[in-house]
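Structure first, then comments.
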Amino acid sequence: MRSFGRFTLFLSSMFVRRESFMTYVRLVIEESIKIGFNSILLVGIVSTFIGAVTTLQTAYNLVSPFIPSYVISLVVRDMTLLELAPTVMAIVYAGKVGSNIAGELGTMRITEQIDALEVMGINAASYLVLPKIIASLITYPMLVVVSAFLSLVGGYLAGSLAGVITPTEFVYGIRYEFIPFNITFALTKAYVFAFLVAAISAYKGFYTKGGALEVGVASTSAVTNSCIAILCADFLLTKLML
Amino acid sequence: MIEVNRLSKSFDDKNILNDISAQFYQGKTNLIIGSSGTGKSVFLKNIVGLIEPDEGEVLFDGRKFTRADENVKADIRREIGMLFQGGALFDSKNVEQNIMFPLDVLTDMPKGEKLDRVNHCLERVGMAGINTKMPSEISGGMKKRVGIARAIVNDSKYLFCDEPNSGLDPQTSIRIDNLIHDITEELNITTIVVTHDMNSVMEIGDSIVFLYKGKKLWEGNNDSIFDSDCEELQDFIFANKLMRAVKKNRG
Numbered sequence: 001m002r003s004f005g006r007f008t009l010f011l012s013s014m015f016v017r018r019e020s021f022m023t024y025v026r027l028v029i030e031e032s033i034k035i036g037f038n039s040i041l042l043v044g045i046v047s048t049f050i051g052a053v054t055t056l057q058t059a060y061n062l063v064s065p066f067i068p069s070y071v072i073s074l075v076v077r078d079m080t081l082l083e084l085a086p087t088v089m090a091i092v093y094a095g096k097v098g099s100n101i102a103g104e105l106g107t108m109r110i111t112e113q114i115d116a117l118e119v120m121g122i123n124a125a126s127y128l129v130l131p132k133i134i135a136s137l138i139t140y141p142m143l144v145v146v147s148a149f150l151s152l153v154g155g156y157l158a159g160s161l162a163g164v165i166t167p168t169e170f171v172y173g174i175r176y177e178f179i180p181f182n183i184t185f186a187l188t189k190a191y192v193f194a195f196l197v198a199a200i201s202a203y204k205g206f207y208t209k210g211g212a213l214e215v216g217v218a219s220t221s222a223v224t225n226s227c228i229a230i231l232c233a234d235f236l237l238t239k240l241m242l
Numbered sequence: 001m002i003e004v005n006r007l008s009k010s011f012d013d014k015n016i017l018n019d020i021s022a023q024f025y026q027g028k029t030n031l032i033i034g035s036s037g038t039g040k041s042v043f044l045k046n047i048v049g050l051i052e053p054d055e056g057e058v059l060f061d062g063r064k065f066t067r068a069d070e071n072v073k074a075d076i077r078r079e080i081g082m083l084f085q086g087g088a089l090f091d092s093k094n095v096e097q098n099i100m101f102p103l104d105v106l107t108d109m110p111k112g113e114k115l116d117r118v119n120h121c122l123e124r125v126g127m128a129g130i131n132t133k134m135p136s137e138i139s140g141g142m143k144k145r146v147g148i149a150r151a152i153v154n155d156s157k158y159l160f161c162d163e164p165n166s167g168l169d170p171q172t173s174i175r176i177d178n179l180i181h182d183i184t185e186e187l188n189i190t191t192i193v194v195t196h197d198m199n200s201v202m203e204i205g206d207s208i209v210f211l212y213k214g215k216k217l218w219e220g221n222n223d224s225i226f227d228s229d230c231e232e233l234q235d236f237i238f239a240n241k242l243m244r245a246v247k248k249n250r251g
């Protein structure tokens, strides 16, 4: 409870003594490149393979001749949109971006770079953390869209190459009884997870005490706490929205 | 001038600073000395506002800083430059960007003027021409010089240095000490240096405050320090062989 209170105070401290709007624009662009653009390759690889494996495993389980083949891509589509793209990618994102944010801020803390900002009269939380959270909110939903697309491409290629489903059936399946709300649901989850990963990791890094060992501990703690928060939020959102 | 009135600070139940009052003068290099763990750095952090004292107040040229309104604090902070133990240069920025940083964030100066000022400060600290080097590419002594350049680039009225000699060889230490002393006199600023280095005390100690277990036990300057009758200060000064030899020669 005490940690939650401190976390809330940390978040609110970002909105006092702000810098100029243009400073934030520049910082958000820099962070978006660091957080989002630099994650595309990892997200692409993971998504493509998850889509491919999901297709093959679904085909392996649907052995009944009474079930049409296009059901395979229908299942892959719904799994991708509802869970794999927003949630599984969020775990990957927490591992890459969360540890990076906590490590960067933790190192800045122990080498007195954060103190240097404060002495200059700059609100370090606002200057360092707010752009990271905004950049995460901008780029993670985009990564989820890329992930969903590549996951389906991976499924399409794996299904076609392995001969478990024809390309025509696969395309028919992903268009069959499509519910547009699933995209709204996936993007809502993406925004919530983007905020949780950036904010929790920044909090863990910002309050690092000690030396290099503690920076490592802060990074690990950022990833584990982000993952737990993602899973809890995932359950809550699913219960509330579906 | 910076005035500290009856400042106290505790962490949990441990009393770190106990009712300290001191004055730090403009145009002079003011030293805070004492053994490790005696509260020097905590005292400095209380003065610059990185730590809020439990009791007491700090005044910058008569302007109350402790528990002041955030806008007043921000105004005073813009007049403060600080050199940290490790330099605290921003890893992601090169030397030029590091020094220009306070001007970028705190002023709306044209780019050309900022660059002129950065180059002037680099020249002043004897580091001209290293603009594009990254902090990881320069030595500890160079980092300290760049840190000083960053601290004075914004026409700071107050310069704080937290153990500027830590990790440096004796010759580089003396150069850094002299640089701080010269800049203080040249710009007529109020400088406070935290140190436990007796070389620094003898080289640049215009005004000295001695802390012992969180209390101020003595104040004076480098001319009067040997004649002090404070036992703890004498123990601190003559802890090493070299200083004992100096004492012996003095008779």
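One line per chain: the protein sequences are A and B, in this order. Residue numbering for the first sequence is 1 to 242, as defined by the UniProt record's numbering. Residue numbering for the second sequence is 1 to 251, as defined by the UniProt record's numbering. Glycine included, C-beta positions come from ideal geometry on N, C-alpha and C.
Subject >> Identity of the residue in A158(A), A199(A), M120(A) and I174(A) nearest T54(A) by Cα >> reply: A158(A)
**OP:** Can you give me the Cβ contacts of R6(B) inside the same chain, cut-off strictly under 7 Å, excluding the 5 residues immediately before and after it?
**Re:** Within the same chain, D19, S21, E55 and G56 come within 7 Å of R6(B) by CB-CB distance, once the 5 residues on both sides are set aside.
**OP:** Just the C-alpha distance for G155(A) and G121(A), rounded to the nearest angstrom, thanks.
**Re:** 53 Å
Subject >> Close beta carbons around M1(B), own chain, < 7 Å, minus the five adjacent residues each side >> reply: Within the same chain, Q23, F24, Y25, Q26, D61 and T190 come within 7 Å of M1(B) by CB-CB distance, once the 5 residues on both sides are set aside.
**OP:** Just the C-alpha distance for K14(B) and S13(A), rounded to the nearest angstrom, thanks.
**Re:** Cα to Cα, the separation comes out at about 28 Å.
Original post:
Do V129(A) and F206(A) come within 8 Å of each other at the CB atom, strictly closer than that value?
Top reply: yes
Subject >> Cβ neighbours of D234(A) in the same chain (closer than 7 Å, five flanking residues each side left out) >> reply: T87 and K189
Original post:
Is the segment 131-140 of chain A touching the segment 208-228 of chain A in the sense that three or more CB pairs, one from each, lie closer than 8 Å?
Top reply: Touching, no.
**OP:** Whole angstroms is fine: what's the gap from F178(A)'s alpha carbon to T48(A)'s?
**Re:** 21 Å
Original post:
Can a CB atom of chain B be found closer than 8 Å to the CB of G210(A)?
Top reply: G210(A) does not count as touching chain B.
**OP:** Note down the Cα distance separating K28(B) from N188(B), rounded to an integer number of angstroms.
**Re:** Taking the straight line from one Cα to the other gives about 8 Å.
Original post:
Taking the C-alpha atoms as reference points, what is the distance between R77(B) and I35(A)?
Top reply: When rounded, the distance between both Cα atoms is 32 Å.
Original post:
Is there a Cβ from chain B that is less than 8 Å from the Cβ of V146(A)?
Top reply: The beta carbon of V146(A) does not come within 8 Å of any beta carbon belonging to chain B, so the residue lies off that interface.
Subject >> Cut-off 7 Å between Cβ atoms - residues of its own chain near V215(A), not counting five sequence neighbours on either side >> reply: Within the same chain, V215(A) has close Cβ partners G103, G106, T107, I110 and T208.
**OP:** For the alpha helix (DSSP H) holding F90(B), just list the boundary residues, first then last.
**Re:** Note, F90(B): premise wrong, no alpha helix (DSSP H); not H, not E.
Original post:
Of all Cβ atoms in chain B, is any one closer than 8 Å to the Cβ of I45(A)?
Top reply: no
Original post:
How many angstroms separate the CA atom of V146(B) from the CA atom of L122(B)?
Top reply: 7 Å
Original post:
Can you list the residues of chain B that Q113(A) reaches, using a CB-CB cut of under 8 Å?
Top reply: A88, L89, F90 and D91
Original post:
With a cut-off of 8 Å, does the C-beta of L106(B) fall near any C-beta of chain A?
Top reply: yes
**OP:** Ignore the nearest five residues each way along the sequence and tell me which others in P53(B)'s own chain have a CB closer than 8 Å to its CB.
**Re:** L7, S8, K9, L17, N46 and T66
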